[in-house]
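Residue numbering for the sequence shown follows UniProt numbering, beginning at 1 and increasing consecutively.
Just so it is clear, CB atoms sit at the ideal spot from N, CA and C, and this is done for glycine as well.
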Amino acid sequence: MTYSQNWDLDSIFPGGVNSPELAQKLELLKEQIKTFASAVTNYVVTADDASFTNFVALTNQAQIIEAGLLQVGVFITALMSDDFTNSSLSAKASEIDALEASYAKPRSQFKKLLATIDDPTWSNILDVPTLKAIDFALNEMRQEANELLDDATEELLTQLGLDGINAWSSHYDTIAAGLTMPFTDEHGATTTISAGQALNHLEGYPDAQVREKLLAGYEKMWGQADGLVADTLNHLAGFRLTDYKAHGVTDFLKKPLELNRMSQATLDTMWQVVSDNKAMLTKYFARKAQLMGKQALGFQDIYAPVHVGEFKNQELSYDDAAEFIMANFAQFSPKMAALAKTAFEKRWIESENRPGKQPGGYMESVPELGESRIFLTFTGSQNDAATIAHELGHAFHSSVLTDLPFWRGNYAMNVAETASTFAELVVNDAKVKAATNDAEKVTLLDAKLNNPVAMFMNIHARYLFETKFYKLRQEKVLTPDELSTLMDEAQHEAFANSLDTYHPHFWASKLHFYIDSVPFYNFPYTFGYLFSLGIYAKAQTTENFEEQYIALLRDTANMSTEELAQKHLGVDLTQPAFWQAGADLVAKDINEFLALTEQFI
C-alpha cells in the first residue's frame with residue numbers, strides 16, 4: 001500500500017494518553033484560564049483608548065485558550081475512537097471536561113462584559129482593524145449575554161453538567177462499546193462482531209438474506225440494552241430542557257436554530273420541499289426492490305448496492321480510492337486536491353477496518369497545527385470513497401480558514417456539511433460518469449442516490465422523532481417501548497410507508513441523539529446537502545469557481561446562513577425555489593436510474 005490506513009497522533013502529542021507534552025499543555029491551559037479570568041474581572045472599558053489595546057488582548061487570550069482546549073479535546077477523542085473499549089481513557093477525558101468547565105465561567109463573564117459596553121463605544125471597538133475580522137462573533141456573544149444568569153448560577157449549571165448531560169453522553173459511549181452480536185455470513189461462518197462492525201455490514205453487505213438476519217440481530221442487541229439507553233436519552237434531554245428553562249427558553253428548537261445561525265422560516269421551508277418530493281424516492285425504492293427480486297425494500301436494503309446484468313461491484317482498494325478522490329477534486333479545485341494529498345501522505349486519516357473502533361466517522365480540526373484528523377472505517381465498498389471525500393471536504397473547509405482568527409473558524413454545523421457534501425458529490429458524480437456500460441452505471445447511480453435517501457428520508461425521520469420526543473419529554477420520562485413507537489412512526493412518515501421492515505430501535509443505535517454539545521444533530525445534514533447541490537450546480541457553469549467557493553467557505557462563521565446564501569449565491573432560503581432546484585437535481589438522477597433499469601426488470 002502507498003497510503004497508511006492508520007493516523008498520526010504523535011505529531012499532536014507524542015506518547016498517547018500519558019504524553020508528557022499533553023500533561024504540560026493541560027497545565028498551561030489551567031494557567032491561561034486563570035490569567036484570562038483575572039483579566040476579565042479587572043477589565044475596565046476606556047472609551048478614550050482608540051486602540052482598545054486591553055480589549056484586543058482579551059479576545060486574543062480567549063481564542064488561544066479555546067484553540068488549546070480544542071486541541072487536547074480532539075486528541076483524547078481520537079484515542080478513544082481508536083480504542084473504543086479502553087475504559088482507562090475516560091479519566092483523561094473527564095479531566096479535559098473539567099478544564100473546559102473551568103473556562104465556562106470567565107467566558108460567560110466576558111460575554112456579560114460585552115453587554116455592558118454602550119453602543120457608541122461598542123461601535124468604536126468594532127472599528128479597530130484587528131477586531132473587524134471577528135465582529136460577527138463578538139456581536140453574537142454580546143447578544144447571548146442577555147440570556148445568561150448570574151455568574152454563580154451559570155458556574156453551578158456548568159459543574160452540574162459534568163455529571164449531568166456530559167456524563168450521560170459518555171455513558172452512552174460506554175454502553176455502545178460493550179455491545180456485540182453474532183454474525184453469520186452467506187457461507188454459514190459465524191463470528192462475533194461489535195456494534196460498529198454490525199452497522200458497517202448493515203449499510204452495505206451485498207447478500208440480502210444476510211442483511212435481513214443482521215437487522216433482526218441488530219434490533220435484538222439494542223433491544224437488550226434499551227432500558228439503559230432509554231435512561232440515558234431521557235436524562236440527557238431532561239438536563240438540556242432544564243437548562244433551557246433556567247435561561248427562559250421554552251422552544252427547544254431555539255438553541256439548535258441559533259447554533260446553525262438560521263431561521264425557523266428557512267427550516268420549515270426546507271422540510272416542506274423535502275416532504276413535497278417524497279414521491280420520486282418511493283418510485284426509486286419500488287424499482288430497487290424489483291431489481292432485488294423483492295416486493296418492497298426493508299430498512300436493511302435502503303443503502304445496499306444494486307447489481308444488474310453482468311456487472312459485479314468490485315472491492316475498492318484504499319490506494320485506488322485515494323487516487324480517484326485526488327484526481328477528481330483537481331477537476332474542481334487544485335487546492336482541494338492538494339489538501340487531500342497532504343491528508344493521505346501525512347497520515348491524517350484513520351481508516352483501518354478492525355474490531356474495537358468507534359462506529360461512524362468524523363473530521364476534527366487540530367487548530368494549533370493547522371491540520372485535521374479524520375476517523376472512519378474503510379471496508380472496500382464503492383461508498384467508502386464517498387465517505388472519505390466527505391470528511392476531506394470538512395478538512396478542506398477547515399484548511400481555508402487557518403490564516404483567520406480562531407473565532408472565524410466557528411462555523412455552524414449546517415454550513416459545515418456543505419463543504420463535505422460538495423466533496424462527496426464531486427466523487428459520486430465522477431464515478432457515474434466513468435461507468436463503461438449501463439449495468440455499471442446503474443450500480444453507481446444507486447450508490448449516488450444513497451445521499452438523497454439519507455437526507456430526504458433517514459434524516460427526516462430523525463428530525464421527526466426528536467421533535468416529538470422533546471415535546472413529550474417536557475411532560476414525562478418515556479419508556480423504551482414508547483421511544484421505539486415514536487421512531488417507528490417517524491420512519492413510516494419519513495419513508496412514506498414505502499418499506500416492509502423498519503428499525504424501531506434506531507433511537508438507541510444512533511450516536512447522534514446522544515451528543516451533548518449539539519442538540520438536533522440532524523436537520524443540518526439535509527440543509528448542507530441541498531445547499532451543496534446549489535453550489536455544485538454553480539461550479540459547473542462558473543469560471544474561477546475555486547476562488548468563489550473559498551470566499552464562501554471563509555464567510556461561513558461571519559454571517560447568518562440566510563446572509564451567506566444571499567451574498568454568495570443570490571438566493572432567498574426562506575422561499576421554496578432554491579430548495580426545489582436541489583430536489584430537481586435529485587429527480588434527474590432518479591429518472592436516469594429508472595430509464596436505465598427498464599432493460600433489467
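Helix, strand or coil, according to DSSP, for residue i in the structure here?
i, result
"I96", "helix"
"T421", "helix"
"F378", "coil"
"I515", "coil"
"D488", "helix"
"I165", "helix"
"E310", "coil"
"L89", "helix"
"D500", "strand"
"L596", "helix"
"L316", "coil"
"E350", "strand"
"H235", "helix"
"D135", "helix"
"V274", "helix"
"E391", "helix"
"G73", "helix"
"F520", "coil"
"Q5", "coil"
By DSSP's criteria, residue i is part of a beta bridge. Which residues make up the other side?
i, result
"V366", "E371"
"L478", "Paired residue(s): none; L478 is not in a bridge."
"I64", "For I64, which the question treats as bridged, DSSP gives no partner whatsoever."
"F183", "T191"
"L297", "L499"
Answer with buried or exposed for residue i, where buried requires no fewer than 16 other C-beta atoms within 10 angstroms of its C-beta.
i, result
"I515", "exposed"
"I349", "buried"
"T541", "exposed"
"A91", "exposed"
"H187", "exposed"
"I601", "exposed"
"E27", "exposed"
"T192", "exposed"
"R373", "buried"
"K30", "exposed"
"S88", "exposed"
"M457", "buried"
"K220", "exposed"
"E310", "exposed"
"D97", "buried"
"M270", "buried"
"K476", "exposed"
"A508", "buried"
"Q24", "exposed"
Assuming contact is defined by CB atoms lying nearer than 8 Å, are residue i and residue j in contact in what I supplied?
i, j, result
"I302", "A385", "no"
"L339", "S399", "yes"
"residue 642", "D82", "It is not possible to answer for residue 642, since the shown part of the chain is limited to 1 through 601."
"F378", "S420", "no"
"P519", "K255", "yes"
"P405", "P305", "no"
"L291", "V308", "yes"
"A496", "K278", "yes"
"A190", "K213", "Inspection of the sequence shows that residue 190 is occupied by Thr rather than by Ala. No, the Cβ-Cβ distance between T190 and K213 is not below 8 Å."
"F375", "G393", "no"
"L445", "D589", "yes"
"D500", "A177", "no"
"T556", "Y318", "no"
"N328", "V432", "no"
"F55", "N558", "no"
"F332", "F531", "no"
"K441", "A447", "no"
If I'm right that residue i touches residue j with Cβ under 8 Å, what's the distance once you round it to whole angstroms?
i, j, result
"Y172", "A198", "Contact doesn't hold; Cβ gap of about 16 Å is too wide."
"L259", "M363", "With 8 Å as the limit, L259 and M363 do not qualify as a contact, their Cβ atoms being about 18 Å apart."
"L79", "L9", "7 Å"
"W168", "H505", "Wrong, their Cβ atoms sit about 18 Å apart, outside the cutoff."
"R408", "I134", "6 Å"
"A237", "Y463", "Going by Cβ atoms, the distance from A237 to Y463 rounds to 15 Å, so no, they are not a contact pair."
"A93", "I175", "That pair is no contact at about 16 Å."
"F593", "L449", "7 Å"
"H397", "L553", "5 Å"
"residue 618", "Y549", "Shown here, the chain extends from 1 to 601; a query on residue 618 therefore has no answer."
"I12", "V366", "6 Å"
Does any residue of chain D bring its CB to less than 8 Å from the CB of residue i?
i, result
"P452", "Note that chain D does not occur in the displayed structure, where there is just one protein chain."
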